[in-house]
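Peer 1: Converting from the sequence shown to my numbering requires adding 904 to each position, the first position being numbered 1.
For glycine and all other residues, C-beta sits at the position ideal for the given N, C-alpha and C.
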Amino acid sequence: MTVQIGVDTGGTHTDIVLLDREDGAFHTLKVPTTPEDLSIGILNGVTRILRETGKMGTEGMGDIAFHYGTTLVTNIIVEEQDLLIGLLTTGGFRDVLEIGRAVRKPNIYDIHWRPQRPLVPRALRRGVPERIDHKGRIVTPLDEATARTEMRALREKGVLAVAICLLNAYANPVHERRLAEIALEELPGVPVTLSSDVAREFREYERTSTTALNAFVLAPMIAHLDTLTARLKREGAHRMPFIMRGNGGIMSFDLAKTLPAAVTHSGPVAGIVGGNALARATGVSDAITFDMGGTSSDVALISNNVPFSTTRGKLAGYPVLLPMLDLVTIGAGGGSIAWIDSGGGLKVGPRSAGSVPGPACYGQGGENPTVTDANLLCGRLNGDFFLNGDRVLRTDLAEAAIRDKIATPLGLSVEEAALGILAIAEAHMVNAIKLVSVQRGIDPRGHTLIGFGGAGPLHAVSLTEAIGMKRVLIPAAPGNVSASGLLAAEVRHDMVRTRVQPLESAAPEVLADDYAALVDEAAQALRDQSVPEDQLQVLRAVDLRYRGQAYELTVPLAATEITTGLLAGLAARFHEEHQRVYGYRLDHHAVEIVNLRVTATSAPPPLPWPEHKTAPATPSPIGTRAVVYGAPQPADWPVYRFTEITAGAALNGPAIIEYPGSTCVIPPGWNATWDAWRHAHITHANA
């Protein structure tokens, strides 16, 4: 049986999980992220965990299955790195990217709002004479001479990649594909992104934005994945590596190098996948995942074991016309810096100390107080057991930073200042939870909060209490859930085609042919990624809307023959879905088909967490620690080591549970039990 390795690279730490299903081995590790070259930290961690577990072969890594999640794509866009890319459009449409939707968002009353800077400056946006109508008919042939002239101009500007997005190319990509051929001659070595390969949908602005985003991260993503692949091969790994994509599935490195925009939120999405796998295993159908790392916190909603998803997301404010799991990210992590604004108010985040220099308590030169410093000062963290003892945290440095930067200026004790830092950080997290639930008309109190990430279990119960929720689920390896989620994900590929037409006049045989073409293309993509034929699964769906609407809803299609009866039933199902989502329906209003969708997946893998024999028991604490919680006066709380807690164990709060890669705080009035996978179920005493 192949050893599986899941690696999630975050802004502060790189999380690693090793799984060998044959002997039941499940090991976790956290190592510092190396921002100068992510592959250095990855290889150091993978090599270390293989050696520590005795899985390193005589010829190196050997037959390991490598699954990877990263925030690289997101970071490149958020940090607005200075990468020169060119954009070729239909003549007269070079400014689509800058005009956008011409609306003032997010606040229509904000007269000071200004649109985001386009990813491609106007000097690098070039128009080429050509025209294809919305039905795919050529109206004006492609002017190849002008195309060559414009490409040469981009070459002289030194562009690293080129995006090509022609009007109505979703209906007929012939001109885009010809431009790609010309680019091989005029722009040798420069990677090219076609809108017809990235987003085969209508809506010109969103399609152009997605294509530009893909081109923007294309060169750095190719360089990163090539470097990582080469280093893995040098260490003896020879199997096809996979990376998490925004839709909750994984894809090969080779495919990711052509479609890097699909890797959006790769690391956080892996956490949602892992959280959903955990929920299914423990019988939880409705949950909210709360993933708190060193730099940020990510929150997502799961309903009936299906994470909320969208086909029209955003990345750092730029539209992305690709399927992705829907999540909210806020700048509140363990490394979030506490500061005082010009009005004397205490603020936390969004700026983070990162891994270098890190929180003040790291002793690496950081002088600003952070959430981690506050947790350490309040006794919730063990400075001698951070990351399983790999790093020692200095309470004296944390106290000095909080006293000098926060407590003294505000006239507070250091304990009061630390509690204030934690309260403000948690208020941000509560708001994020409400954004994914209450704002959608969903009452979160009936949901279970799944807390993970290195810092998630420190705050999960407190957040649950603040919202009025009653149940918390803490995974067996909370600091490595995203890495575990990589091993719980199936290979997935999405296809879409725009077909705007009235539902009542749609010809079943024409739609059947269109779906058949999409199914063949999606299935072939999985075959190219070494998915066995007997594991191929195909799901079909259709986007529908009332005629005149600007937005549509996705309705799944049964995997049966498309008939007149099936299409007639679609209208009724759309009315029901519209009622559920928007609270009303228009039964006598005409329904339109907008997009046809096909998703091909491999069979879902077994759960990564090993199962244990349960035996009811009360664990013994390793000692007590003075903890500040709720009031600045400390109280002695019992401290437990997770490695000594067995499946079936139970205890009552208050308690501190120290995991190898995280720490869980269980306040008074809450009880915890551990299931067969050693996941902690924490419930309110009055639940």
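Roughly how many whole angstroms lie between the Cα atoms of Met1196 and Phe1356?
Peer 2: Answer to the nearest angstrom: the Cα atoms are 7 angstroms apart.
Peer 1: Tell me whether Thr1199 sits in a helix, a strand or coil according to DSSP, three-state version.
Peer 2: Coil at Thr1199, not helix or strand.
Peer 1: For Ile1560, does the three-state DSSP call read helix, strand or coil?
Peer 2: DSSP places Ile1560 in strand when its eight states are reduced to three.
Peer 1: I'd like to know whether the C-beta atoms of Ala1204 and Val1340 end up nearer to each other than 8 angstroms.
Peer 2: Closer than 8 angstroms, so yes.
Peer 1: What residue range does the beta strand (DSSP E) around Glu1496 cover?
Peer 2: Val1495 to Thr1505 is the span of the beta strand (DSSP E), which, as asked, contains Glu1496.
Peer 1: Is it true that the segment 1104-1120 meets the segment 1067-1081, where meeting means three or more beta-carbon pairs spaced less than 8 angstroms apart?
Peer 2: Yes, the segment 1104-1120 is in contact with the segment 1067-1081.
Peer 1: Please state whether DSSP places Asp1419 in a helix, a strand or coil.
Peer 2: The question names Asp, but residue 1419 is Tyr in the sequence shown. Of the three classes helix, strand and coil, the one that applies to Tyr1419 here is helix, per DSSP.
Peer 1: To the nearest angstrom, how far is the alpha carbon of Leu1231 from that of Ala1494?
Peer 2: Distance between the alpha carbons of Leu1231 and Ala1494: 33 angstroms.
Peer 1: Who pairs with Cys1069 in a beta bridge, going by DSSP?
Peer 2: In DSSP, Cys1069 forms a bridge with Thr993.
Peer 1: So, Ala1191 versus Thr1352, is the Cβ gap smaller than 8 angstroms?
Peer 2: Yes, the Cβ-Cβ distance between Ala1191 and Thr1352 is below 8 angstroms.
Peer 1: Pairs of beta-carbons, one from the segment 1203-1221 and one from the segment 1362-1380, closer than 8 angstroms: are there three or more?
Peer 2: Too few Cβ pairs lie closer than 8 angstroms, so no.
Peer 1: In this structure, how does DSSP classify Met1055 when only helix, strand and coil are distinguished?
Peer 2: DSSP places Met1055 in helix when its eight states are reduced to three.
Peer 1: Do the CB positions of His1588 and Ala1576 come within less than 8 angstroms of each other?
Peer 2: Not closer than 8 angstroms, so no.
Peer 1: Would you give the residue range spanned by the beta strand (DSSP E) that Thr1567 belongs to?
Peer 2: Thr1567 to Ile1570 is the extent of the beta strand (DSSP E) around Thr1567.
Peer 1: Please report how far the alpha carbon of His1583 lies from the alpha carbon of Pro1512, in whole angstroms.
Peer 2: Spanning the two alpha carbons is a distance of roughly 13 angstroms.
Peer 1: Within 10 Å of its beta-carbon, does Trp1541 have 16 or more other beta-carbons around it, so buried, or fewer, so exposed?
Peer 2: Counting Cβ neighbours within 10 Å, Trp1541 comes out buried, since at least 16 surround it.
Peer 1: Could you give the first and the last residue of the continuous beta strand (DSSP E) run that contains Ser943?
Peer 2: Segment Leu942 to Glu956 is the alpha helix (DSSP H) holding Ser943; no beta strand (DSSP E) there.
Peer 1: Please name the residue, chosen from Ile1560, Ala1553 and Ala1220, that lies closest to Ala1580 on a Cα-to-Cα basis.
Peer 2: That would be Ala1553, whose Cα lies nearest to the Cα of Ala1580.
Peer 1: Between Ala1507 and the rest of its own chain, which residues show a CB-CB distance below 6 angstroms, the 5 nearest in sequence each way excluded?
Peer 2: Hits under 6 angstroms: Gln1439.
Peer 1: Judging by CA-CA distance, which residue of Gly1534, Ala1535 and Thr1522 is the nearest neighbour of Glu1548?
Peer 2: For Glu1548, the nearest C-alpha among the options comes from Thr1522.
Peer 1: May I ask which residues mark the beginning and end of the beta strand (DSSP E) holding His971?
Peer 2: Counting along the chain, the beta strand (DSSP E) containing His971 begins and ends at Ala969 to Thr974.
Peer 1: Helix, strand or coil for Pro1542, going by three-state DSSP, please let me know.
Peer 2: Looking at Pro1542 - three-state DSSP - the assignment turns out to be strand.
Peer 1: Pull up the DSSP beta-bridge partners for Trp1243, would you.
Peer 2: Trp1243 pairs with Lys1251.
Peer 1: If you draw a straight line from the C-alpha of Leu1226 to the C-alpha of Gln1433, how long is it?
Peer 2: Computed Cα separation, rounded: 20 angstroms.
Peer 1: Could you pull out every unbroken beta strand (DSSP E) segment of at least 3 residues lying fully inside the segment 1441-1520, listed in chain order?
Peer 2: Segments of the beta strand (DSSP E) lying fully in the segment 1441-1520: 1441-1450, 1457-1461 and 1495-1505.
Peer 1: Starting from the Cα of Arg1005, find the closest Cα among Arg1143, Ile981 and Glu1110 and give me that residue.
Peer 2: The shortest Cα separation from Arg1005 among Arg1143, Ile981 and Glu1110 belongs to Glu1110.
Peer 1: Alpha carbon to alpha carbon, how far is Lys1374 from Asn1590?
Peer 2: Looking at the two C-alpha atoms, the distance is approximately 8 angstroms.
Peer 1: How many angstroms separate the CA atom of Leu992 from the CA atom of Glu1089?
Peer 2: Using only the alpha carbons, I get a separation of about 16 angstroms.
Peer 1: Hey, is Ala1278 close to the ligand SAM, as in C-beta under 7 angstroms from one of its heavy atoms?
Peer 2: The ligand content of the structure shown is nil, which means the ligand SAM is not present either.
Peer 1: What did DSSP end up calling Phe1157 once you bin it into helix, strand or coil?
Peer 2: Phe1157: helix per DSSP, three-state reduction.
Peer 1: Taking all protein chains shown into account, decide if Tyr1013 is buried (16 or more other Cβ within 10 angstroms of its Cβ) or exposed.
Peer 2: With fewer than 16 other Cβ atoms within 10 Å, it is exposed.
Peer 1: Distance, Cα to Cα, Asp1417 vs Gly1452?
Peer 2: For Asp1417 and Gly1452, the distance between alpha carbons rounds to 27 angstroms.
Peer 1: Specify whether the segment 1279-1294 and the segment 1483-1497 touch according to this definition: at least 3 beta carbon pairs, one from each stretch, less than 8 angstroms apart.
Peer 2: Touching, no, given that fewer than three Cβ pairs across the two stretches are closer than 8 angstroms.
Peer 1: Counting beta carbon pairs with one atom in the segment 1322-1330 and one in the segment 1263-1281, are three or more of them shorter than 8 angstroms?
Peer 2: Yes, since at least three Cβ pairs between the segment 1263-1281 and the segment 1322-1330 fall closer than 8 angstroms, the two stretches touch.
Peer 1: Run through DSSP, which three-state label would Val911 get?
Peer 2: The answer is strand: DSSP assigns Val911 an E or B state.
Peer 1: Ignore the nearest five residues each way along the sequence and tell me which others in Ala1073's own chain have a CB closer than 6 angstroms to its CB.
Peer 2: Correct list, in chain order: Glu1080, Ser1099 and Ser1100.
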